[in-house]
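Chains as they are written, first to last, in this note's numbering: chain A, 5 to 120; chain B, 17 to 127.
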């Protein structure tokens, strides 16, 4: 199989705090990991693509200083939402791919972030 | 920029009716993938098509990749309540190293 986990599954935090979300590929090595944001009843919005050991590639309009991504190993990527504000409240989903960005992506269960 | 559009955005069908969602790209794609996201869940990979004109079947689901490799369709025969969810196509433009997700089609099946 190809299982991807995310932690936490949901988080509520106060405005101004930082939140870290972990994405792990449990049974395969993920060369590439992706971070998406999904608003209710809307499509997936790609935020950034990361490869192990290198800097993430951010999509246009996504603030790299706001959404810090670290891909420290072939099985772990983290997304840190810094100084979160209510408008950052969303469903954040990661996905992992064995190969390049065009390969099949295996999605994590998502993290629902609510910023008060 | 690259856009992958899907129509319709929403579809309500009576259980037992057929359903089709269409995916269109502004550029030629090297491959097209389809994912299903159940309500409250995360996207799950269904299938990948690579060849021009390719047709693949998974039980009641039929996937097609257009001859020009710019469009694709997913057809579900005799829908069931378990088919409820949002279906996303995702295409990789030729020469690109990215997968662009379509806008999704949300299917509701009325029992």
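By construction, the Cβ of each residue, glycine as well, lies at the ideal position given by its N, Cα and C atoms.
Problem - For residue 67(A), the first and last residue of its enclosing beta strand (DSSP E) - result: Indexing the first chain from 1 puts residue 67(A) at position 63. It is not in any beta strand (DSSP E) - residue 67(A) carries neither H nor E in the DSSP assignment.
Exercise for the section: Determine the chain B residues that contact residue 47(A) at a beta-carbon separation under 9 Å, and present them in chain order. Expected result: Working through the first chain from its first residue, we reach residue 47(A) at position 43. By Cβ distance, chain B contributes 22, 102, 104, 117, 118, 119, 120.
Handout entry: Any chain B beta carbon closer than 8 Å to residue 90(A)
Key = Position 86 of the first chain, counted from the start, is the residue given in the question as residue 90(A). False, the Cβ-Cβ gap to chain B never drops below 8 Å.
Exercise for the section: Can you give me the Cβ contacts of residue 17(A) inside the same chain, cut-off strictly under 8 Å, excluding the 5 residues immediately before and after it? Expected result: Looking up residue 17(A) in the first chain gives position 13. If we look at residue 17(A) and ignore the five residues flanking it on each side, its Cβ neighbours are 23, 88, 117, 118, 119, 120.
Exercise for the section: Output the boundary residues of the beta strand (DSSP E) element that contains residue 24(A). Expected result: What you label residue 24(A) is simply residue 20 of the first chain in a count that begins at 1. Residues 23-29.
Handout entry: Contact belief for residue 104(B) with residue 116(B) at Cβ below 8 Å, rounded distance in angstroms
Key = Residue numbering aside, residue 104(B) sits at position 88 when the second chain is read from its first letter. Residue numbering aside, residue 116(B) sits at position 100 when the second chain is read from its first letter. The Cβ separation is near 10 Å, so there is no contact.
Exercise for the section: Spell out whether any CB of chain B is found under 8 Å from the CB atom of residue 57(A). Expected result: For the purposes of this step, residue 57(A) is identified with residue 53 of the first chain, where counting begins at 1. Output row for residue 57(A): interface = no.
Practice task
Please state if the CB of residue 28(B) and the CB of residue 111(A) are separated by a distance shorter than 8 Å.
Solution key: In the first chain, the residue the question calls residue 111(A) occupies position 107. In the second chain, the residue the question calls residue 28(B) occupies position 12. Contact: no.
Exercise for the section: Give the secondary structure of residue 143(B) by DSSP, where H, G and I count as helix, E and B as strand, and everything else as coil. Expected result: The structure shown does not extend to residue 143(B), since chain B is modelled only from 17 through 127, so no value can be given for it.
Practice task
Just grab the DSSP bridge partners of residue 43(A) for me.
Solution key: Taking the first residue of the first chain as 1, we reach residue 43(A) at position 39. DSSP output for residue 43(A) lists no bridge partner at all.
Exercise for the section: Taking C-beta pairs closer than 8 Å, name the residues in chain A that residue 46(B) reaches, listed in chain order. Expected result: The count along the second chain starts at 1 and reaches residue 46(B) at position 30. The contacting residues are 106.
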